[in-house]
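Protein sequences, first through last, are from chains E and H.
Per my numbering, residue 1 is the first one in the first sequence, and the count goes up by one each step.
Per my numbering, residue 1001 is the first one in the second sequence, and the count goes up by one each step.
Glycine residues also receive a C-beta, built at the ideal position from the N, C-alpha and C atoms.
Below you'll find the structure, written out as structure tokens, and then a few comments.
Protein chains: 2
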Amino acid sequence: MTSMQNSFTEENYLKIIHSLSGREGVEVSTNALAESTSTRAASVTDMLRKLADKGLIHYKKYQGVRLTDSGEKVAIKVIRKHRLWEVFLVEKLGFGWDEVHDIAEELEHIPSEILVEKLDTFLGHPRFDPHGDPIPDAKGNLTEPDYTILTDIQVGEKVLMMGVLDHAPSFLQHLDRSGITLGAVIEVKEINEYDKSASVQINGGQTLFISLEVSKNLLVQRR
Amino acid sequence: MTSMQNSFTEENYLKIIHSLSGREGVEVSTNALAESTSTRAASVTDMLRKLADKGLIHYKKYQGVRLTDSGEKVAIKVIRKHRLWEVFLVEKLGFGWDEVHDIAEELEHIPSEILVEKLDTFLGHPRFDPHGDPIPDAKGNLTEPDYTILTDIQVGEKVLMMGVLDHAPSFLQHLDRSGITLGAVIEVKEINEYDKSASVQINGGQTLFISLEVSKNLLVQRR
DNA sequence: ATATATTTTTAGGGTAGTCTAAATTTTTTA
DNA sequence: TAAAAAATTTAGACTACCCTAAAAATATAT
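Printed below as a string of structure tokens:
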């Protein structure tokens, strides 16, 4: 049990490597990390050497980077904390789903295993965060549900709104104004050929037009 | 509105200067700060120059240090956050009052005014934290209640247990084992001359002996 | 297949916060 | 009130994380 503490910054790198390497654990490039961390490539190289020394990533010069099992564990713990705190902020404190990201970004680095487990219990062991992202369990199991992107849904199909790919406040606020919330029933009425915009009916009521840009960021589930 | 961010470390110095300078705003020494921050005097001197440059403290070399109004404001905000989070941890998450200090020490540095105000509302605007310390209001008003130390209570008097001076887990656990909780009625039955230990009755029930060391750390109120 | 463009790493450096050792100032004591 | 003791500051240095500019490696294009 090498329970050496990782810094705020190290945790962020691991979290970002996790999210950029996707489900298949593909190599992440230095430039992609520089972009995501808002630093320069040279700074990323420094940090990668450090994370490799600590055994948290697989790193060969010029070859990109991948999490080790131990790095993956740390990343998933951070993700678990982030998502649980988001649930707290929305469900208990009354924040909107468009307001919680930055605050959770800070809270996710508070140490204390016990805190996380008590928070989880207090929230009733939620399985998804306010954006529909799955919350890893205490053992570090993270099962990605197999959602479909709305662009893959045919005219006439009825689906359940389950999550978003884009977490930007402006996008989430747009959904709020359109009445598209998690759990809403979306029926695709029509798809325009020339721009792939769609006409959809929400919860059997209002019909509205959504652009391809929006469709590409909506995760839904067939019933 | 000079809303420049103060670092985690700066906030800690300000909070500690506040608590060491007491209600009269007396000068705090470099060595006292080194002790409280677990650093060396030389490091404290560096930080004091920095805080003085930022206008957060009054500092003249070799003369000790005092908060400016602006420094006082920052310190009180940190104290407000610390105490609100302690209430959350005890009341909502079920932590014991002996377990929350270190976690609150981290949470108190999470930025976001809105977060604090929503937390305060969620908790029902508590006036005291789990140790009986008063919680500053949103405007930064901190009114210290005029508690009495148990050593100043005469034999025969009945008082209410209102707070503790020592927040050490071992002390709080000792009180737990003795059945001395916030709000308990304490009647002083007898005081031993030679060691000032006392015999007290709790809530009209069990009688127990408490040492001078314990009495000196109990804050009570006459009724 | 070689020249060009892109990506990544190295070299050298900066700031925040910490340290030890030495110098200086203040306080205490005789 | 002068010497000794204690407290404080200065000097110089270290780590974590970041930077720019230049060098090296890889990828792309003709």
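Check whether the Cβ atoms of residue i and residue j sit closer than 8 Å, and answer yes or no.
i          : j          : result
Val220(E)  : Ile186(E)  : yes
Val1224(H) : Ile1191(H) : Since the first residue of chain H shown is 1001 and the last is 1223, residue 1224(H) is not available in this structure.
Pro134(E)  : Val87(E)   : no
Ser70(E)   : Leu56(E)   : yes
Ile1103(H) : Ser112(E)  : yes
Thr1045(H) : Thr1068(H) : no
Ile17(E)   : Val65(E)   : yes
Trp97(E)   : Leu172(E)  : yes
Val100(E)  : Leu89(E)   : yes
Arg49(E)   : Glu144(E)  : no
Phe1122(H) : Leu123(E)  : no
Ile110(E)  : Glu1105(H) : no
How would you call residue i, buried or exposed, if buried means at least 16 neighbouring beta carbons within 10 angstroms?
i          : result
Glu1108(H) : buried
Asp1120(H) : buried
Glu91(E)   : exposed
Pro1130(H) : buried
Arg177(E)  : exposed
Ser1019(H) : exposed
Arg83(E)   : buried
Val1026(H) : exposed
Ser1170(H) : exposed
Phe117(E)  : It is Glu, not Phe, that sits at residue 117(E) in the sequence shown. It counts as exposed.
Ala1168(H) : exposed
Phe1095(H) : buried
Tyr59(E)   : buried
Glu72(E)   : buried
Gly1204(H) : exposed
Gly1183(H) : exposed
Tyr147(E)  : buried
His1038(H) : Correcting the residue identity first, residue 1038(H) is Ser in this sequence and not His. Burial call: exposed.
Gly1179(H) : exposed
Ser7(E)    : exposed
Take residue i and list the residues in its own chain whose beta-carbon comes closer than 6 Å to its own, dropping the five residues that flank it on each side.
i          : result
Met47(E)   : Tyr13
Leu150(E)  : Ser215, Leu218, Val220
Val1078(H) : Glu1011, Lys1015, Glu1108
Ile1153(H) : Val1159, Val1188
Gly140(E)  : Lys73, Ile76
Quick one: residues in its chain with C-beta nearer than 8 Å to the C-beta of residue i, no 5 flanking neighbours on either side, listed in chain order?
i          : result
Thr181(E)  : Met161, Leu175
Arg40(E)   : Ala34
Arg1223(H) : Lys1158, Val1159, Leu1160
Gln1005(H) : Pro1111
Gln1063(H) : Glu1027
Can you list, in chain order, the residues of its chain with a C-beta nearer than 7 Å to that of residue i? Leave out the 5 residues immediately preceding and following it.
i          : result
Pro1136(H) : Ile1076, Ile1079, Arg1080, Leu1142
Ser199(E)  : Lys189, Glu190, Thr207, Phe209
Phe1128(H) : Pro1134, Ile1135
Gly1132(H) : Met1162, Gly1163, Val1164, Leu1182, Leu1219
Which residues, taken in chain order from the stretch 1100-1127 of chain H, show a beta carbon closer than 9 Å to some beta carbon of chain E? So the close ones are Asp1102, Ile1103, Glu1106, Leu1107, His1109, Ile1110, Pro1111, Ser1112, Ile1114, Leu1115, Lys1118, Leu1119, Thr1121, Phe1122.
Which residue spans inside the stretch 1165-1213 of chain H form an unbroken beta strand (DSSP E) run of at least 3? Qualifying beta strand (DSSP E) stretches, in chain order: 1185-1191, 1198-1202, 1207-1210.
Which runs of the alpha helix (DSSP H), 4 residues or longer, sit entirely within the stretch 1101-1165 of chain H? Those alpha helix (DSSP H) runs which fall completely within the stretch 1101-1165 of chain H and span 4+ residues are 1101-1107, 1113-1122.
Mind listing which residues of the stretch 155-174 of chain E have their C-beta closer than 7 Å to chain H's C-betas, in chain order? Contacts with chain H (Cβ-Cβ distance below 7 Å) from the stretch 155-174 of chain E involve no residue at all.
Going along the chain, which residues of the stretch 83-102 of chain E sit with their C-beta nearer than 9 Å to a C-beta in chain H? Within the stretch 83-102 of chain E, the residues whose Cβ lies closer than 9 Å to some Cβ of chain H are Leu89, Lys92, Leu93, Gly94, Phe95, Glu99, Asp102, listed in chain order.
Mind pulling the beta strand (DSSP E) runs of 3 or more residues that sit fully within the stretch 4-65 of chain E? Listed in chain order, the complete beta strand (DSSP E) runs (minimum 3 residues) inside the stretch 4-65 of chain E are 57-59.
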